[in-house]
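Position 235 of the sequence shown, counted from 1, bears residue number 236 in my numbering, the numbering being contiguous throughout.
Ideal Cβ positions, reconstructed from N, Cα and C, are used throughout, including at glycine.
Everything on this sheet refers to the single structure shown next.
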Amino acid sequence: MDLGIKGRSALVCAASKGLGKGCAFALAREGVNVTLVARTQSTLEATAEEIRKATGVQVKTVAVDLTTAEGRAAALAACPAPDILVNNNGGPPAGDFRDWDRDVWIKALDANMITPIELIKGTIDGMIARKFGRIVNITSAAVKMPINILGLSNGARTGLTGFCAGLARQVVMHNVTINNVLPGLFRTDTMMGRIEAGAKMAGKSYEETLAERLKTIPAGRLGDPQEFGQLCAYICSAQGSFFTGQNFLIDGGSYPGTF
Ligand code: NAP
């Protein structure tokens, strides 16, 4: 299927590794020129080179912290008129809400709610004027099925989801869509690190802990960032103009509900 986005441009946030990289790769395979953002120049450049070699598209890199205003300004300066914006960032830490003060909450809201909203603000009017725009926020399955120890994530990402649910209906008539993709458990550095930390805390082996996590996934495996990226690319396709404000769960069947 030709997704009809060859030659378009995408700003892909937090894209040197994991889910962001999966999205950048899948878009590049469709002929989209991508601007990748992450903090660490070396990893970012290695990913950019990998994508250039595999796809031949133009790949720019911006090594900044997206949670800062300067970082976002630099990302937008490198890619001022994207047709596609993939919002992504590192996730907040786990813990008990009794230990979190205002500063901890503000940090989480800054990273996982306000940063994506600011990037939407910086790009959406151009998309409206050009009559094409696809915005995808990488959130979490925790938006649909809260995870007890991830209250900061549950709260910040649900705030972003609520805001976008309203905005999505105000811009879709201009062929600009805003959707969220909600990952369950994917094989990425962050997730493998969490499983390892969980194993240490419980005094169990990594293998045992991983096997326990896999039991919660009817598919019997972790997700692959590439398949996550392919869903993102479809949401960004020319054909994808009639769904907006939606939350696409991709979790191997972990969510137990009918809807
Ligand atoms: P990952 O593989 O560790 O990749 C994280 C990416 O984000 C890296 O490219 C990292 O590069 C970049 N990054 C982190 N903080 C940044 C910042 N402040 N500014 C710019 N770039 C930044 O992580 P992942 O598993 O793909 O996770 C991506 C998001 O999905 C996270 O918010 C995570 O909580 C969420 N999520 C993941 C899963 C899963 O199963 N993997 C499930 C639910 C939700 P640098 O460190 O060099 O900046």
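Q.
In whole angstroms, give me the CA-to-CA distance for T44 and N34.
A. T44 and N34: Cα-Cα distance of roughly 19 Å.
* Asked: Anyone know if the C-beta pair for A234 and L86 falls short of 8 Å?
  -> Not in contact: A234 and L86 (Cβ atoms no closer than 8 Å).
Exercise for the section: State the start and end residues of the unbroken alpha helix (DSSP H) segment that holds V172. Expected result: First-last of the alpha helix (DSSP H) with V172: 152-172.
What residue from G19, N138, V173, N149 has the CA that sits closest to T162's CA? Looking at the Cα atoms, N138 is the closest of the given residues.
Looking at D190: is its Cβ nearer than 8 Å to the Cβ of G19? Going by C-beta atoms, D190 is nearer than 8 Å to G19.
query: Okay, do the segment 211-219 and the segment 150-164 touch, 3+ Cβ pairs below 8 Å being the bar?
result: Here the segment 211-219 does not lie against the segment 150-164, with fewer than 3 beta-carbon pairs under 8 Å apart.
Check your understanding: By DSSP, does A95 sit in helix, in strand, or in coil?
Key -> Three-state result, A95: coil.
Just to confirm, does T68 get its C-beta within under 7 Å of one of the non-hydrogen atoms of the ligand NAP? Under cutoff, so the answer is yes.
Taking the C-alpha atoms as reference points, what is the distance between R135 and E209?
-> Within the model, the alpha-carbon separation for R135 versus E209 is close to 41 Å.
Handout entry: Beta-carbon gap between E115 and V177 smaller than 8 Å
Key = With the sequence shown as reference, residue 115 is identified as Ile, and Glu is not the correct amino acid for it. Between I115 and V177, the gap from beta carbon to beta carbon reaches 8 Å or more.
**Request:** Could you tell me if the beta carbon of S238 falls within a distance shorter than 7 Å of some heavy atom in the ligand NAP?
**Result:** Checking every heavy atom of the ligand NAP against the Cβ of S238, none is found closer than 7 Å.
Point to revise | For A74, the first and last residue of its enclosing alpha helix (DSSP H) | key: Per DSSP, A74 is one residue of the alpha helix (DSSP H) stretching across 70-79.
Report buried or exposed for P184, applying the criterion of at least 16 other Cβ atoms within 10 angstroms of its Cβ.
Burial of P184 is indicated by the presence of at least 16 other C-beta atoms within 10 angstroms of its C-beta.
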